[in-house]
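Worksheet: the structure to be examined is printed underneath.
Protein chains: 2
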Amino acid sequence: MAHQKEATNRVEWKIRVADGSSKDLVPESGPAGRAWLGIQGLIAGLVLKVGRCFKKAWDLAVDDPRKVIHCLKVGTALTVVSLFYYTRPLYEGLGRNAMWGVMTAVVVFENTVGATLSKSLNRACGTLLAGSLAVGVHWIASQSGEKLEPFVNGASVFLLASAATFSRFIPTVRTRFDYGALVFILTFSLISISGYRVEKLLKMAHQRLSTIAIGGFMCILISILVCPIWAGKELHLLITRNMDKLAYSLDGCVAEYFNNSGIPVEKSQGYKCVLNSKAAEETMANFARWEPAHGHFKFKHPWRQYLKVGASMRRCAYCIEALNGCINSENQVPESIKQHLSGNCLRLGSVSSSVIRELAITMRTMKKSPRTQNLLKEMKNSVQELHNELGSLPNLLLPPPSIEATLPLEEVIPIATVASLLIEVAARIEGIVSATEELASLAKFKPAVERIAPH
Amino acid sequence: MAHQKEATNRVEWKIRVADGSSKDLVPESGPAGRAWLGIQGLIAGLVLKVGRCFKKAWDLAVDDPRKVIHCLKVGTALTVVSLFYYTRPLYEGLGRNAMWGVMTAVVVFENTVGATLSKSLNRACGTLLAGSLAVGVHWIASQSGEKLEPFVNGASVFLLASAATFSRFIPTVRTRFDYGALVFILTFSLISISGYRVEKLLKMAHQRLSTIAIGGFMCILISILVCPIWAGKELHLLITRNMDKLAYSLDGCVAEYFNNSGIPVEKSQGYKCVLNSKAAEETMANFARWEPAHGHFKFKHPWRQYLKVGASMRRCAYCIEALNGCINSENQVPESIKQHLSGNCLRLGSVSSSVIRELAITMRTMKKSPRTQNLLKEMKNSVQELHNELGSLPNLLLPPPSIEATLPLEEVIPIATVASLLIEVAARIEGIVSATEELASLAKFKPAVERIAPH
Chain R
-12 MAHQKEATNR
-2 VEWKIRVADG
8 SSKDLVPESG
18 PAGRAWLGIQ
28 GLIAGLVLKV
38 GRCFKKAWDL
48 AVDDPRKVIH
58 CLKVGTALTV
68 VSLFYYTRPL
78 YEGLGRNAMW
88 GVMTAVVVFE
98 NTVGATLSKS
108 LNRACGTLLA
118 GSLAVGVHWI
128 ASQSGEKLEP
138 FVNGASVFLL
148 ASAATFSRFI
158 PTVRTRFDYG
168 ALVFILTFSL
178 ISISGYRVEK
188 LLKMAHQRLS
198 TIAIGGFMCI
208 LISILVCPIW
218 AGKELHLLIT
228 RNMDKLAYSL
238 DGCVAEYFNN
248 SGIPVEKSQG
258 YKCVLNSKAA
268 EETMANFARW
278 EPAHGHFKFK
288 HPWRQYLKVG
298 ASMRRCAYCI
308 EALNGCINSE
318 NQVPESIKQH
328 LSGNCLRLGS
338 VSSSVIRELA
348 ITMRTMKKSP
358 RTQNLLKEMK
368 NSVQELHNEL
378 GSLPNLLLPP
388 PSIEATLPLE
398 EVIPIATVAS
408 LLIEVAARIE
418 GIVSATEELA
428 SLAKFKPAVE
438 RIAPH
Chain A
-12 MAHQKEATNR
-2 VEWKIRVADG
8 SSKDLVPESG
18 PAGRAWLGIQ
28 GLIAGLVLKV
38 GRCFKKAWDL
48 AVDDPRKVIH
58 CLKVGTALTV
68 VSLFYYTRPL
78 YEGLGRNAMW
88 GVMTAVVVFE
98 NTVGATLSKS
108 LNRACGTLLA
118 GSLAVGVHWI
128 ASQSGEKLEP
138 FVNGASVFLL
148 ASAATFSRFI
158 PTVRTRFDYG
168 ALVFILTFSL
178 ISISGYRVEK
188 LLKMAHQRLS
198 TIAIGGFMCI
208 LISILVCPIW
218 AGKELHLLIT
228 RNMDKLAYSL
238 DGCVAEYFNN
248 SGIPVEKSQG
258 YKCVLNSKAA
268 EETMANFARW
278 EPAHGHFKFK
288 HPWRQYLKVG
298 ASMRRCAYCI
308 EALNGCINSE
318 NQVPESIKQH
328 LSGNCLRLGS
338 VSSSVIRELA
348 ITMRTMKKSP
358 RTQNLLKEMK
368 NSVQELHNEL
378 GSLPNLLLPP
388 PSIEATLPLE
398 EVIPIATVAS
408 LLIEVAARIE
418 GIVSATEELA
428 SLAKFKPAVE
438 RIAPH
C-alpha cells in the first residue's frame, strides 16, 4: 500500500517536471535517498572526528600520564566535597553556603601545587578583605536612611570595582594577585546587593568562609599528597632539559654544516623549544614562589634566577637560529676551505656543547661541577685557535709562487660567517655559565665530591 | 605637672638599671622614643610605598587612558546590574539567583570585546550543557532509590569532572573553550549536590539562566558600545607597530656600526619587542576570532595569518639580535675596510628597512602598495652589489705591486660577518613580505590608488 502510494507520488512528480525528454529515476537519487546518504556521510564524518579527538586525547594521556592523574585528583576532590555536603542535607548545618565549598574546589584546583596554593590564598584573602570592607560599607549604608541606601551601595560598588579592576593592570598585581582582585570585586558586589542586615551578614560570612576554607584546604591537601606536581621542580626540569636541547642542536647544526652528520635534522631543532619557553618559565617561576620546601628546593629557592638563566639561554638560541639560517643559505663554500676549517669549527662546537651539558649536569645533580671552569678555558682556547686558523687562511689558499693577489674572498665569507657566529655562540654560552653559577651560589649548591660521568 | 611626672619616671628608671657608671639619658633614645621613631619610620615607609604605587598607577593610566575607561566600564556594568536587582528586592522575582547575574558580570567582563564575548559564550554554553546533563543524571539518580542516589551522584560528578578537566589539556579546547569547561564542571557539581527535585531544578535553571543572560548581555553591550577595545584591531596595530620597530632598529643597528649614528642606542632595541610579543599575538588572535565585524575588519578576517606574519618578523628579529651581538663584540675592524663597505651596507640596511616600512604602510592603510615589489627588487640588487663588493675587497686592500699574499683576513671577518648577517636579514625580510602579501590577498586589501607618502 505504502509502496504503491510512493510509486504514484513519484510518477506524479515525474509528470509535473517532464519536459518531453523522459528520464529513468534511480531509486537512490531520490530526495529521501540523498538525505539518507547525506545523514550517513554526516554520521561517518562525526564518528571520524570524534575518533580523531579520542586519538589525540589518548596520545596526550600516554605522553604525560600525570595529566590523567591530575584529572582523577580533581574528580576525587570534587566528589569528596560533594559527598561531604550530600550526606548532611543542605539547608542544615552550613546551609546553602555549602555550594561555595564546591565552587572553591572547582576554581582553585590547578595542575601544579604552586598554582593551587596561589589561587587558594588569593581567594581567601580577596574574600576576607572584601567581606570586611563590605560589612563596613553596608553598615554605613543602613545608617544613612532608606532613600540614600541604594545610592551609597551603588557608589561603593562602582568605586571599589573600578579601583580593583584598575589594580589588575599593575604588573605586580597582575602576575601575583590577579585572581585575588577578581574575588574581591565578586565578594564585595555580592554582599552589597544581598540586602541583609549586618548581624545576618556576619553569620553568613562565617559560614561562607568556613566552607571556602574546607574546599580550599581539601584541594591543597589532595594536590600536595597525591602525586604532587611542583611548579618549582617543573621549572628546574624545563631549564635542565632546555640546556640539553641547546647542546644537542648546537652539535647538530655544526655537524650538518660540515657534512659528517649522523644526526637526523629534526633533532637539531631543539633550540626552538628554548626560543618559545619564555612564557612557560615565567608562569612556573611565579607559581613556584608560593610553594613550600619540596625535594631539593627550599622555601626561598632563588626562582627568579632561573628566569635569568632562561634569558641567557634564549640569547644563545637566537644566535644558533641565525647560524642555522646561514647553514641553510644558498652560498656554498668550496670543499677545500671547508675541510681546512672543519676541524677547528667542530672542536669549538663540541667543546661549547660540552660546556652547556656540564651546566645541565650541575643543574640535574644540584652540585657545583669542578669541570665547568676547565671546559670554559678549553672553549676559550678553541675560540682563539679558530681565530688563528682564520688568520692563516690566505697563506694556505694561495700557493706560494702566486703573484696575483685576488683571494676568493667571496667564497670564504660564508664559512667565515659560520665561524664568527660559532664564536658569538661561545661568548653567549659564557653568559649562561655566569647566570648558572650565580644560581648555584644563590641556591647554595654543594661542590660535587665525586665526578658524575656525563651520559 | 605632666612634665614633672615624666622626669620622675625617668630618674626612677635610671636608678633601676644603674650599674655604677653613670650615663646621660638622651630623651629620644628611651624605649618609648625608639618605638615612636620606629613607628614614624614605618609610617613614612608605608606612605612612601603607597605613594610610589600611586605614581606607578598614575603613569599606567596616563600611558593608556583606555585602561581607566575599561575600569569605569566594569564599575558601571556592576552598578547597573546591582541596582537592577537592588530596586526589586531579592527573594522576589528572580529570587536569590540574582547573584548569578552579578557573578557573570564580574567574571565575564574583560578588557577586549573578543575576550568578553568568548567568556560570555563559553559561560552560556558550559552552563546549558552541564545543566541539561545534570538534570538527566539527577533524574536517573532519583529513580535509583534512596540508597543508590548518593553513589550515582558521586560517580557522575567524579567521571564528568575528570573528563572535563582532561579536555582542558587538549590544545584546541585550552585555547578556546577552557573557561567553558570550567563552568561545565562548576554547574554540573552544583546541580548534583543541590538535592532538589527535578521540577524545582527546572524552575531554578530557568531563573539562573535568565539572570546569567542578563548579566552577560549587559557586559557585552557596554563592552561594545562604550569605547570598545577590539582584540582584532589591537592585533593589527601591534603587528604594524612591530614592523616600524623592526625597521627602526635595523636602521639603528647599521648606523651604530658604521659610526654615523644620530640615533640614540636605546631606540634601536625595538626588535626586542618583536622577540617578546608571541604570547600577546596568540592571545589577541584567539580573541579576535570571536569578534563581529568592526572597523575595516570583516567577521572572518584572516586573524591566523597575522600569527604567520608575526612569526616571520620574529625570525627576522632573531637575525637582528645576532647582528647586534656582532656589532657589540670586541673585534674591531680597521677604519679603511669599514669605510669601503659602509656605503653598500648602509644602502642595504636602509632599503631593507624601507621594505619593512612599506609593509607597515600596507598594513596601516589596508591597501596593497605598488612600491613593495620595486623596493624588494632594489633590496635584491643591493644584496648583489654587497656580494660583489665583498668579492672585490682583496683587490682594493692589497696595493698592486705587493707580492706577499697575506691578506688581513682576520680583520675583514667581523665586517664580513656583519655583511652576511645583513644579507640574511634581507632574505628573512622576503619571508615577511610573502606572509604580508598572503595576508593582503586573504583579507582582500584593495590596491592603493593614491600613493601615501611614508613619514
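Note that the protein sequences, when read in sequence, are chains R and A. According to my numbering, numbering within the first sequence proceeds without interruption in unit steps and concludes at 442. According to my numbering, numbering within the second sequence proceeds without interruption in unit steps and concludes at 442. Just so it is clear, CB atoms sit at the ideal spot from N, CA and C, and this is done for glycine as well. Remember, it's a predicted structure, so these values are computed and weren't measured experimentally.
Can you tell me whether DSSP reads residue i as helix, strand or coil?
| i | result |
| --- | --- |
| LYS43(A) | helix |
| HIS281(R) | strand |
| ALA435(R) | coil |
| LYS355(R) | strand |
| ARG276(A) | coil |
| ASN375(R) | helix |
| PRO401(A) | helix |
| ASN263(A) | coil |
| LEU383(A) | Because the pLDDT at LEU383(A) is just 47, under 50, the model does not fix this residue reliably, and the point stays unresolved. |
| PHE204(R) | helix |
| GLY25(R) | helix |
| PRO52(A) | helix |
| SER421(R) | helix |
| ALA242(R) | helix |
| ALA427(R) | helix |
| PHE286(A) | coil |
What is the C-beta distance between residue i and residue j, in whole angstroms, given that I count them as a contact (C-beta under 8 Å)?
| i | j | result |
| --- | --- | --- |
| SER299(A) | VAL338(A) | Not confirmed; about 18 Å, so no contact. |
| LYS325(A) | ILE402(A) | 6 Å |
| ALA347(A) | ASP231(A) | 5 Å |
| ALA309(R) | TYR244(A) | Actually they are not in contact, since the Cβ atoms of ALA309(R) and TYR244(A) sit about 16 Å apart, beyond 8 Å. |
| SER444(A) | ILE180(R) | Within the shown structure, residues of chain A are numbered from -12 to 442, placing residue 444(A) beyond reach of any answer. |
| LYS364(R) | PRO434(R) | Contact flag wrong, Cβ pair sits at about 18 Å. |
| ILE201(A) | GLY88(A) | 5 Å |
| GLU398(R) | PRO321(R) | 6 Å |
| GLY427(A) | THR349(A) | A small fix is needed here, since residue 427(A) is Ala in this sequence, not Gly. Indeed they touch by this definition, with Cβ atoms about 6 Å apart. |
| ILE199(R) | THR91(R) | 5 Å |
So residue i is in the alpha helix (DSSP H); what residue range does that whole segment cover?
| i | result |
| --- | --- |
| LYS106(R) | 100 to 130 |
| ARG155(A) | Looking at the DSSP string, ARG155(A) is not in any alpha helix (DSSP H), and its letter there is neither H nor E. |
| ALA347(A) | 322 to 352 |
| ILE216(R) | Neither: ILE216(R) is in no alpha helix (DSSP H) and is coded neither H nor E. |
| ASP165(A) | 165 to 181 |
| SER316(R) | Per DSSP, SER316(R) belongs to no alpha helix (DSSP H) and is neither H nor E. |
| GLY257(A) | GLY257(A) -> no alpha helix (DSSP H), and no H or E assigned at all. |
| GLY17(A) | Where GLY17(A) is concerned, there is no enclosing alpha helix (DSSP H), given that its DSSP letter is neither H nor E. |
| ALA85(A) | 85 to 95 |
Does the Cβ of residue i have 16 or more other Cβ atoms within 10 Å, making it buried, or fewer, making it exposed?
| i | result |
| --- | --- |
| PRO386(A) | With a pLDDT of 44 at PRO386(A), under the threshold of 50, the modelled position of this residue cannot be trusted; read the value that follows with caution. It is exposed - the Cβ of PRO386(A) has fewer than 16 other Cβ atoms within 10 Å. |
| ILE410(A) | buried |
| LEU146(R) | exposed |
| LYS285(A) | exposed |
| ALA85(A) | buried |
| TRP217(R) | buried |
| LYS287(R) | exposed |
| GLY257(A) | buried |
| THR447(A) | No information on residue 447(A) is available, as it lies outside the stretch -12 to 442 that chain A covers here. |
Using a Cβ cut-off of 8 Å, pull out every chain A residue sitting near residue i, in sequence order please.
| i | result |
| --- | --- |
| THR63(R) | PHE145 |
| HIS57(R) | THR152 |
Mind listing the chain A neighbours of residue i? Cutoff is C-beta to C-beta under 9 Å, in chain order.
| i | result |
| --- | --- |
| GLU411(R) | ALA309, GLY312, CYS313, SER316 and THR404 |
| PRO401(R) | SER407 |
| ALA44(R) | PHE153, SER154, PHE156 and ILE157 |
Using a Cβ cut-off of 8 Å, pull out every chain R residue sitting near residue i, in sequence order please.
| i | result |
| --- | --- |
| ILE416(A) | Simply none; closest approach about 12 Å. |
| LEU169(A) | VAL93 and VAL94 |
Taking C-beta pairs closer than 7 Å, name the residues in chain R that residue i reaches, listed in chain order.
| i | result |
| --- | --- |
| TYR305(A) | TYR305, GLU308 and ALA309 |
| VAL89(A) | SER176, LEU177 and ILE180 |
| THR66(A) | GLY141, VAL144 and PHE145 |
| SER129(A) | Within chain R, no residue comes near SER129(A); the closest Cβ sits about 13 Å away, beyond 7 Å. |
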